[in-house]
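Asks:
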Amino acid sequence: MALRMGDAAGRPGTVLRKGDPDSGGILCVLRGREGLVALSQTRDAMGRPAWLRATGAAPVDDATVDAYVARQVKRDPDLWVLEFETPDLLPPFEAVIL
Numbered sequence: 006m007a008l009r010m011g012d013a014a015g016r017p018g019t020v021l022r023k024g025d026p027d028s029g030g031i032l033c034v035l036r037g038r039e040g041l042v043a044l045s046q047t048r049d050a051m052g053r054p055a056w057l058r059a060t061g062a063a064p065v066d067d068a069t070v071d072a073y074v075a076r077q078v079k080r081d082p083d084l085w086v087l088e089f090e091t092p093d094l095l096p097p098f099e100a101v102i103l
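Dropping the structure here:
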């Protein structure tokens, strides 16, 4: 669904890594003009789905995101990794970012 939304919004996405179709979490990599940001699934204080800028507030380089993804996949082999081309580093889907 997120990939279709990205394509429709002119922010194409791709699956970098397939995880478990039933129980895999999702990690989103946003690639923009200034660098990359990794978003990790989380919950807000009320228990609602949200996203956390896992690589920090500022954009980072490819090596930093690659290292983060590798650590997360080692911790959770069921993880899906999606990447979107987003010039402004905002996800192409509705998201609460903490």
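Numbering-wise (my numbering), the sequence shown opens with residue 6 and increments by one.
Cβ atoms here follow ideal geometry from the backbone N, Cα and C, with glycine treated the same way.
Just the C-alpha distance for Ala-63 and Gly-37, rounded to the nearest angstrom, thanks.
Replies: Within the sequence shown, the letter at position 58 stands for residue 63. Within the sequence shown, the letter at position 32 stands for residue 37. Each residue's alpha carbon lies about 12 Å from the other.
Asks: Pick helix, strand or coil for Leu-94, following the three-state DSSP scheme.
Replies: What you label residue 94 is simply residue 89 of the sequence shown in a count that begins at 1. The answer is coil: DSSP assigns Leu-94 none of H, G, I, E or B.
Asks: Could you tell me which of Ala-13, Asp-25, Ala-7 and Ala-14 sits nearest to Pro-82, measuring between CA atoms?
Replies: Counting from 1 along the sequence shown, the entry for residue 82 is found at position 77. Cα-wise, what sits closest to Pro-82 is Asp-25.
Asks: Can you list, in chain order, the residues of its chain with a C-beta nearer than 7 Å to that of Gln-77? Leave out the 5 residues immediately preceding and following it.
Replies: Position 72 of the sequence shown, counting from 1, holds the residue named residue 77. Answer for Gln-77: Leu-32 and Leu-84, listed in chain order.
Asks: Under 8 Å, Cβ to Cβ, is there at least one residue of chain D near Leu-87?
Replies: Protein chain content of the structure displayed is limited to a single chain, and chain D is not contained in it.
Asks: Sort Arg-53, Val-42, Ala-50 and Pro-97 by Cα distance to Asp-66 and report the nearest one.
Replies: For the purposes of this step, residue 66 is taken as the residue at position 61 of the sequence shown. If we check each option's Cα against that of Asp-66, Val-42 comes out closest.
Asks: Just reading off the beta strand (DSSP E) that Thr-47 is part of, what are its end residues?
Replies: If you number the sequence shown from 1, residue 47 lands on position 42. It spans 40-48 - the beta strand (DSSP E) in which Thr-47 sits, taken as one unbroken run.
Asks: Note down, in chain order, each residue of its chain lying with its Cβ closer than 6 Å to the Cβ of Leu-103, except the 5 sequence neighbours on either side.
Replies: By 1-based counting over the sequence shown, the position of residue 103 is 98. Cβ neighbours of Leu-103 beyond the five flanking positions: Ala-55 and Leu-57.
Asks: Does the Cβ of Glu-88 have 16 or more other Cβ atoms within 10 Å, making it buried, or fewer, making it exposed?
Replies: Here the question's residue 88 lines up with position 83 in the sequence shown. Counting Cβ neighbours within 10 Å, Glu-88 comes out buried, since at least 16 surround it.
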